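The next block holds one structure in the form of structure tokens; read it before the comments.
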Amino acid sequence: MSVSVIIPAAGKGERFGKKKQFLHYKNKSVLMYAISPFVFCDEINEVIIAVSKDDKNEVNDYLKVANFKKKVSIVEGGLLRQDSVKNAIKCSNKKNQIICIHDCVRPFISKSLIQKAIKKCITSDAVIVAVPSTDTLKETKDLKIKKTIDRDKIWKAQTPQVFKRSIIENVLFDLKYEKIFYTDESSLVEQAGYDVSIVEGSPLNIKITTKDDWLLAKAIFKEIYND
């Protein structure tokens, strides 16, 4: 079963102060680190990056340097993540029955974990990569603890998130969900009544959101490349 990968990368990085997908380590962007493992998966036959209009030329330049052997396309993203994902799905190969969505600022995803999630999706409605919580979690109101949450029931969602094409299309393009804001696609699929399974991810599969995350990411890069 062939797979289309979608990388929403039209974010402006307002909280960070710059576009995090274009941060560099060893002359390679975070975006290219995030894409590379997907290109080398046999199950995947296309990767689609949704970027802002202003960034198309820059991403094209990255792709020319990378010279991937697999098809990597660029589409114009939207104002919101869901707009970018929908634009990319519309441009994807309709023969591919699985859609895999990955954050452009998770540069440490592994090929083996991607393949594990895709394999699980063959027998599931949808699959997310996630890690069990190791922290004690508190529900609060006005900075006062209301209760302690059983962390054994808590998993922290990551990407990639993998879906049967028919399911993700039915949900994303359903008008009743159009105005719902969501931070990941699996929450919308879950709300629509589908089962979402988990494969255990890696604590290293971090999302670069803050400057502290970038400090951690650089430390991971240094460990990987023995700097």
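According to our numbering, the sequence shown is numbered sequentially starting from 1. Ideal Cβ positions, reconstructed from N, Cα and C, are used throughout, including at glycine. Quick caveat, the model's predicted, so the values are computed rather than measured.
Assuming residue i contacts residue j (C-beta within less than 8 Å), just tell me the rounded distance between them.
{"i": "residue 59", "j": "residue 74", "result": "6 Å"}
{"i": "residue 165", "j": "residue 99", "result": "5 Å"}
{"i": "residue 20", "j": "residue 206", "result": "In fact, because the Cβ distance is near 12 Å, the residues do not count as touching under 8 Å."}
How would you label residue i, buried or exposed, when you count the other beta carbons within 10 angstroms and need 16 or more for buried?
{"i": "residue 227", "result": "exposed"}
{"i": "residue 152", "result": "exposed"}
{"i": "residue 1", "result": "exposed"}
{"i": "residue 6", "result": "buried"}
{"i": "residue 118", "result": "buried"}
{"i": "residue 61", "result": "exposed"}
{"i": "residue 55", "result": "buried"}
{"i": "residue 223", "result": "exposed"}
{"i": "residue 46", "result": "buried"}
Residue i to residue j, Cα distance in whole Å?
{"i": "residue 231", "j": "residue 16", "result": "Since the first residue shown for the chain is 1 and the last is 227, residue 231 is missing from the structure and cannot be characterised."}
{"i": "residue 181", "j": "residue 81", "result": "9 Å"}
{"i": "residue 138", "j": "residue 96", "result": "42 Å"}
{"i": "residue 126", "j": "residue 102", "result": "14 Å"}
{"i": "residue 79", "j": "residue 53", "result": "11 Å"}
{"i": "residue 161", "j": "residue 90", "result": "18 Å"}
{"i": "residue 192", "j": "residue 174", "result": "10 Å"}
{"i": "residue 22", "j": "residue 38", "result": "18 Å"}
{"i": "residue 87", "j": "residue 144", "result": "42 Å"}
{"i": "residue 27", "j": "residue 225", "result": "13 Å"}
{"i": "residue 149", "j": "residue 136", "result": "7 Å"}
{"i": "residue 221", "j": "residue 25", "result": "8 Å"}
{"i": "residue 169", "j": "residue 179", "result": "16 Å"}
{"i": "residue 147", "j": "residue 154", "result": "14 Å"}
{"i": "residue 141", "j": "residue 57", "result": "46 Å"}
{"i": "residue 214", "j": "residue 65", "result": "24 Å"}
Let me see if you follow: with CB-CB separation under 8 Å, is residue i close to chain D or not?
{"i": "residue 19", "result": "Absent here is chain D; the protein component of the structure consists of one chain."}
Give a yes or no on whether the C-beta atoms belonging to residue i and residue j are separated by under 8 Å.
{"i": "residue 107", "j": "residue 219", "result": "no"}
{"i": "residue 189", "j": "residue 171", "result": "yes"}
{"i": "residue 11", "j": "residue 50", "result": "no"}
{"i": "residue 120", "j": "residue 199", "result": "yes"}
{"i": "residue 104", "j": "residue 203", "result": "no"}
{"i": "residue 3", "j": "residue 44", "result": "yes"}
{"i": "residue 128", "j": "residue 186", "result": "yes"}
{"i": "residue 112", "j": "residue 48", "result": "no"}
{"i": "residue 156", "j": "residue 133", "result": "yes"}
{"i": "residue 158", "j": "residue 41", "result": "no"}
{"i": "residue 130", "j": "residue 13", "result": "no"}
Residue i by DSSP, collapsed to three states: which one?
{"i": "residue 161", "result": "strand"}
{"i": "residue 37", "result": "helix"}
{"i": "residue 62", "result": "helix"}
{"i": "residue 14", "result": "coil"}
{"i": "residue 53", "result": "helix"}
{"i": "residue 126", "result": "strand"}
{"i": "residue 194", "result": "coil"}
{"i": "residue 170", "result": "helix"}
{"i": "residue 105", "result": "coil"}
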